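Heads up, the sequence shown stops at 364 in UniProt numbering, and the numbers go up one at a time, no gaps.
Note that beta-carbon positions come from the ideal geometry of N, C-alpha and C, so glycine has one too.
Note that the coordinates shown come from a computational prediction; the quantities given were computed from them, not determined experimentally.
Scroll down for the structure; my scribbles are underneath it.
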Amino acid sequence: MNWSEGVMGKRRAVISQEGTASNSQKKEKRKKRTRKNRYRYGLVSFRELPEYMKDNEYILGYYRANWPLKKALFSVFRWHNETINIWTHLMGFVLFVGLTMANFMQVPQVADLFDMFTRSFPVAAATNASHESKDFFSGTTLIDLEKTSPLEKATTLSETMVTRWPFFVFLSGAMFCLLSSSTCHLFCCHSHHLNLLLLRIDYVGIAVMIVTSFFPPIYYIFQCDPHWQFIYLGGITALGIFTVITLLSPSLSTAAFRSSRALLFFSMGFSGIVPAVHALVLNWGEPRCLKTLAYESAMAVSYAIGTIFYVSRIPERWKPGWFDLAGHSHQIFHVFVMMGALAHYGAALVFIEWRNTVGCGGIM
Ligand SMILES: [Zn+2]
Numbered sequence: 001m002n003w004s005e006g007v008m009g010k011r012r013a014v015i016s017q018e019g020t021a022s023n024s025q026k027k028e029k030r031k032k033r034t035r036k037n038r039y040r041y042g043l044v045s046f047r048e049l050p051e052y053m054k055d056n057e058y059i060l061g062y063y064r065a066n067w068p069l070k071k072a073l074f075s076v077f078r079w080h081n082e083t084i085n086i087w088t089h090l091m092g093f094v095l096f097v098g099l100t101m102a103n104f105m106q107v108p109q110v111a112d113l114f115d116m117f118t119r120s121f122p123v124a125a126a127t128n129a130s131h132e133s134k135d136f137f138s139g140t141t142l143i144d145l146e147k148t149s150p151l152e153k154a155t156t157l158s159e160t161m162v163t164r165w166p167f168f169v170f171l172s173g174a175m176f177c178l179l180s181s182s183t184c185h186l187f188c189c190h191s192h193h194l195n196l197l198l199l200r201i202d203y204v205g206i207a208v209m210i211v212t213s214f215f216p217p218i219y220y221i222f223q224c225d226p227h228w229q230f231i232y233l234g235g236i237t238a239l240g241i242f243t244v245i246t247l248l249s250p251s252l253s254t255a256a257f258r259s260s261r262a263l264l265f266f267s268m269g270f271s272g273i274v275p276a277v278h279a280l281v282l283n284w285g286e287p288r289c290l291k292t293l294a295y296e297s298a299m300a301v302s303y304a305i306g307t308i309f310y311v312s313r314i315p316e317r318w319k320p321g322w323f324d325l326a327g328h329s330h331q332i333f334h335v336f337v338m339m340g341a342l343a344h345y346g347a348a349l350v351f352i353e354w355r356n357t358v359g360c361g362g363i364m
């Protein structure tokens, strides 16, 4: 080994020592960062929360506070005090997407379109060429019955069934409400700005759900009296717009206005009593009347019980800290909202079936 080789060897040893040192330093830094993140993004207690997140003083722990969006997104798979709030409405959203798809496939034009893709294209195109897209939601047809085959006649008759767009308006409203609610619960821990924005979207979602819920019953009950359709649907839409504008003021998003918000939503829902009594007077004696009344009463009771839990914050006020993760009032409220929406879905199916059978020729 000559002099230069010796120097090079020493230099290599120094470099490798430096390399090992810097590697271990990096590892140490990474460990520290992980420990710091774990500390920074751990769950905190009510007292440690920033002021804008202090909503329910009876839920004492398991809060996320000022988490980055990515952390908040993946917290959907972690246990904290919003986990059940997120999942109750997320599963509800998925359920309503499934119900919408199932009902959409029953719209004759959609079923035909589906048929067209499942059969060979040229044949399907020939048999479906007469279906016009403008009839999609109207439930009427322009096909001349004399010129159609028996198979097409059967399809054509099914197309004279009652229009379903009011039903899809309700399904869309329910999906919007459930999705905005679970999004709000998932990301409201990110920042004050996003918290305010998501809370407002959540309230708009509730108002949209209430307004769109009026569409199937009012539309089908008063299908033969369009002026009543206009009065009731116009009235509830105006009330919904007023509620949304009122709720968009930031002060009304705070905990202090919990009861006022509930009162606004309750009055919107309660205004349904007017067309309901009107419909009962018009259609008393029709067997389906009792069935829809049972469904709609179940919906009203579900929403009312849910609202009582939302406002009273029972059971956590009785045992603060006991229901932080599971069983607190907001989770119970979510479950009752789902039950109410499903009861209303059941009622809407009865209204459609009734109008399909009776048309405009008879009473309900
Ligand atoms: Zn909620």
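With a threshold of 16 other beta carbon atoms within 10 Å, leucine 69 falls short and is exposed. Histidine 185 has its CB nearer than 7 Å to a heavy atom of ligand 1.
In this structure, the straight-line span from the alpha carbon of arginine 200 to that of leucine 248 is close to 6 Å. If you draw a 10 Å sphere on the C-beta of asparagine 85, you find 16 or more other C-beta atoms in it, and that means buried.
Under the three-state reduction of DSSP, tyrosine 63 is assigned to strand.
At the C-beta level, valine 208 and glycine 235 stay beyond 8 Å of one another. Sequence-distant Cβ neighbours of phenylalanine 222 in its own chain, meaning closer than 8 Å and more than five residues away, are Trp228, Gln229, Tyr232, Pro275 and Ala279. At the C-beta level, alanine 326 and leucine 186 stay beyond 8 Å of one another. In this structure the region 191–206 lies against the region 47–58, because at least three pairs of beta carbons, one per stretch, are closer than 8 Å. For histidine 334, the distance from the CB to the nearest heavy atom of ligand 1 is below 7 Å. By the Cβ criterion, the region 285–292 is not in contact with the region 304–321, since fewer than three pairs of Cβ atoms, one from each stretch, lie closer than 8 Å. As the crow flies, the alpha-carbon of serine 181 is around 16 Å from that of tyrosine 303.
Here the alpha carbons of methionine 338 and leucine 290 stand approximately 22 Å from one another. Assignment of beta-bridge partners to valine 211 by DSSP yields no partner. If you draw a straight line from the Cα of valine 301 to the Cα of methionine 105, it is about 31 Å long. Short note on histidine 80: C-beta not closer than 7 Å to any heavy atom of ligand 1. Counting only runs of 4+ residues, the alpha helix (DSSP H) found wholly inside the region 250–274 occupies 258–270, in chain order.
Shown here for alanine 343: same chain residues with a beta carbon closer than 8 Å to its own, the five before and five after excluded, namely Tyr295, Glu296, Ala298, Met299 and Ser302 in chain order. A distance below 8 Å between beta-carbons, with the five flanking residues on each side excluded, links asparagine 103 to the following residues of its chain, in chain order: Arg164, Phe167, Phe168 and Leu171. Residues of the same chain with a CB within less than 6 Å of the CB of glycine 92, apart from the 5 flanking positions on each side, are Leu178 and Met338 in chain order.
Listed in chain order, the non-local C-beta contacts of serine 45 below 8 Å within the same chain comprise Leu60, Gly61 and Tyr63, local neighbours out to five positions each way being set aside.
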